[in-house]
Amino acid sequence: MLNVPWLQADKLNQTLNKALQWAEINIASWSTIGQAACIFVAVVAGISLSPRAAKWFDTQMQKRKPLRFIRLHASTREIFFQLITLAVLWVSTLVAEGGHLPDGILQTAATLATVWVIIRLTSSTIESDFLARLVAVSLWILAALSIFGWLTPAINLADRAAFTVGTIRLSVLFVIKSIMAFAVLFWLVRLGVSFLEHLFVRVGGLTPSQRVLFTKLSTTTLYGVAAVIGLNIVGLNLTSLAVFSGALGLGIGFGLQKVVSNLISGIILLMDKSIKPGDVIAVGDTYGWVNSLGARCISVLTRDGKEHLLPNENLITQTVENWSYSDRKVRLHIPIGVAYGSDVNLVRELLLKAVEGHPRILKDPAPKALIMGFGDSSINFEIRCWIFDPQEGEANLRSDIYYRLWDLFKENGIEIPFPQRDIHIKSGGGNTDGPALAPT
């Protein structure tokens, strides 16, 4: 039989009595109950007031339409619940402290709520779910270490876990600080870039290409400044990186030649405004409208829903058809043939009637119906008309016109010819190079 002292009856009774005494002093006291009631009231206030506050806030945002460059992946109601709960907790803590009342539980709850709000708002600005969870877990670990007083020992331990490479001392603390510094800096840069993008959209007088150009230049500048600041924060001397300049230049000259060429080509395209977002272009077999301009390539969206990524260098070195470079008006050619013997004047009227009233065909310049020639089996006509929206496609418009022509030709007895061949079989006598065909 096991002889464990603390399992004996008298020992167990003493332990239970001590636990009951501690609970009576620390849990069942009026101060503890009052602080718990304050925490309960804070939560209830957050639950009851957050829907109304969120509704009012969303209404104001829709009316005023402010410059919103921060996208939070948390609902307005959730944010207001956290803020209201936090505000009530801190007000209760200040009141208890001013009245010289016990407030240890309230301060702990308010501190945890503050950490919770900061972590939730910070992680909700990150689009990636994995990175958002990673940031949230990391911040909770730091908060827990700080609350329990273990943060300083953990920092000292991470600093002692180090090794030296040449004259550089690398420690776990150095790596963690570097990652955190660059993460915060690049997060701030992304917020700055988003703010500038929304600002350039609202600034009048800027063309789409100028907006893209200013955005790209601002992005490059901000990231360069962030990199320099990050290296200074972690304690790396920038002069020591000069040793790698030769190797870096050699790498750019060989391995990154195409990348640099596409980057420079993209800047040239933006500066000379030859291609802009929304333009309808044709490059080789690719026809569509420019969806976006990037640092390395442009995105061309076709009518089939396919998105082609064309390197910027190709748009500099190859011939590009820009249907909306200086004017969005485009002339279409719609050929049609009718049988010989048809009334050409009536055909001309029917051709013009087929395009008359179509919502996409412009009235000025007016459509024309021309005779293009006399073919082997048909009189060849052509409809020439102008449109202002080439990005909507040509094939669908041609199909509409051909449907109309089919009905009009059928109503007026106009025939659409097809090739015919007469075959003559010669048999019987006569000088032939081959044997005569015997009758069957």
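With the working numbering, the residue at position 217 of the sequence shown is 235, and numbering never jumps. We put the CB at the ideal spot given by N, CA and C, even for glycine.
Near residue i, which residues of its chain fall below 6 Å by C-beta distance, leaving aside the five closest residues on each side in sequence?
| i | result |
| --- | --- |
| Leu20 | Low confidence applies here, because Leu20 scores a pLDDT of 42, under 50, leaving its location unreliable and the question unanswered by this model. |
| Ala60 | Thr103, Val106, Leu107 |
| Tyr358 | none |
| Asp121 | Thr111, Ala114, Glu115 |
| Asn340 | Asp297, Ile299 |
| Pro437 | Ser395 |
| Leu368 | Leu426 |
| Arg138 | none |
| Glu283 | Position check: residue 283 holds Ser in this sequence, whereas Glu was assumed. The residues are Asn330, Glu331, Ile334. |
Assuming residue i is part of the alpha helix (DSSP H), what are its boundary residues?
| i | result |
| --- | --- |
| Thr304 | No alpha helix (DSSP H) contains Thr304, which is instead part of the beta strand (DSSP E) from 304-311. |
| Val221 | Note, Val221: premise wrong, no alpha helix (DSSP H); not H, not E. |
| Ser142 | 122-142 |
| Val338 | Careful: Val338 lies outside any alpha helix (DSSP H) and carries neither H nor E. |
| Phe148 | 147-165 |
| Ile419 | 413-430 |
| Lys371 | 362-373 |
Of the residues the options, which one's Cα is nearest the Cα of residue i?
| i | options | result |
| --- | --- | --- |
| Arg95 | Pro69, Val61, Thr320, Trp158 | Pro69 |
| Ile136 | Arg416, Asp147, Trp158, Gly122 | Trp158 |
| Leu281 | Val298, Lys324, Asn332, Thr304 | Asn332 |
| Ser360 | Asp322, Phe399, Pro377, Pro329 | Phe399 |
| Thr129 | Val243, Trp341, Ile293, Phe166 | Phe166 |
| Trp424 | Val356, Ala413, Ser66 | Val356 |
| Val252 | Ile197, Ile299, Val278, Ser395 | Ile197 |
| Phe192 | Val202, Glu412, Ile173, Trp134 | Ile173 |
| Tyr343 | Gly323, Thr335, Ser292 | Ser292 |
| Arg244 | Leu203, Glu367, Thr237, His216 | Here the sequence assigns Ala to residue 244, which means Arg is not the residue at that position. Taking only the C-alpha atoms, the option nearest Ala244 is Leu203. |
| Ser142 | His91, Ser66, Ala154 | His91 |
| Ala201 | Arg220, Ser93, Ala150 | Ala150 |
| Asp394 | Arg439, Glu367, Leu415, Leu368 | Arg439 |
| Val338 | Ile354, Leu101, Asp303, Ala313 | Asp303 |
| Leu319 | Tyr305, Ala71, Arg187 | Tyr305 |
| Asn330 | Ile286, Lys324, Ser236, Asp418 | Ile286 |
| Asp322 | Glu412, Ser279, Thr238 | Glu412 |
| Met390 | Thr140, Ile419, Val362, Ala131 | Val362 |
| Ile419 | Ile443, Phe392, Ala387 | Ala387 |
| Trp205 | Tyr421, Thr170, Ala179, Val153 | Val153 |
| Ile144 | Ile194, Arg208, Pro171 | Arg208 |
| Lys73 | Val62, Ser93, Ile57 | Ser93 |
| Gly64 | Gln100, Lys81, Val109 | Gln100 |
| Ala71 | Ile97, Ala55, Trp168, Leu119 | Ile97 |
Tell me residue i's beta-bridge partners as DSSP assigns them.
| i | result |
| --- | --- |
| Thr182 | Arg187 |
| Ala387 | Ile401 |
| Val301 | Thr304 |
| Pro329 | Cys315 |
| Phe99 | Phe99 is not bridged to any residue. |
| Phe392 | Ile397 |
| Ile379 | Ile405 |
Output needed for residue i: all residues of its chain with C-beta closer than 7 Å, excluding positions within five of it in sequence on either side, in chain order.
| i | result |
| --- | --- |
| Pro385 | Leu370, Val373, Ile379, Ile401, Arg402, Cys403 |
| Ala456 | Here the model assigns Ala456 a pLDDT of 45, short of 50, so the residue's position is not dependable, and the following value carries that caveat. Cβ within range, chain order: n/a, list empty. |
| Met289 | Leu231 |
| Gly210 | Leu240 |
| Leu25 | The predicted model places Leu25 with a pLDDT of 48, which falls under 50 and marks its position as unreliable, so this point remains unresolved. |
| Val133 | Ala161 |
| Leu327 | Cys315, Ser317 |
| Pro383 | Trp404 |
| Gly248 | Ala199, Phe200, Leu203 |
| Arg422 | Ala372 |
Hey, could you find the ends of the beta strand (DSSP E) residue i is sitting in?
| i | result |
| --- | --- |
| Ile352 | 348-356 |
Closer than 8 Å to a non-hydrogen atom of the ligand FMN - does that hold for the CB of residue i?
| i | result |
| --- | --- |
| Ala71 | This structure does not include the ligand FMN; it has no bound ligands of any sort. |
What residues in its chain sit with their C-beta under 8 Å from that of residue i, if we drop five residues either side in the sequence?
| i | result |
| --- | --- |
| Gly452 | Caution applies to Gly452, whose pLDDT of 49 falls short of 50 and renders its modelled position unreliable; the value that the coordinates give is listed next. Correct list: empty, nothing qualifies. |
| Thr233 | Val211, Leu214, Glu215, Phe218 |
| Thr182 | Leu188 |
| Pro435 | Gly355, Val356, Ala357, Tyr358, Ser395, Ser396 |
| Leu364 | Asn430, Ile432 |
Handout entry: Three-pair Cβ contact test at 8 Å for the segment 333-349 versus the segment 389-408
Key = yes
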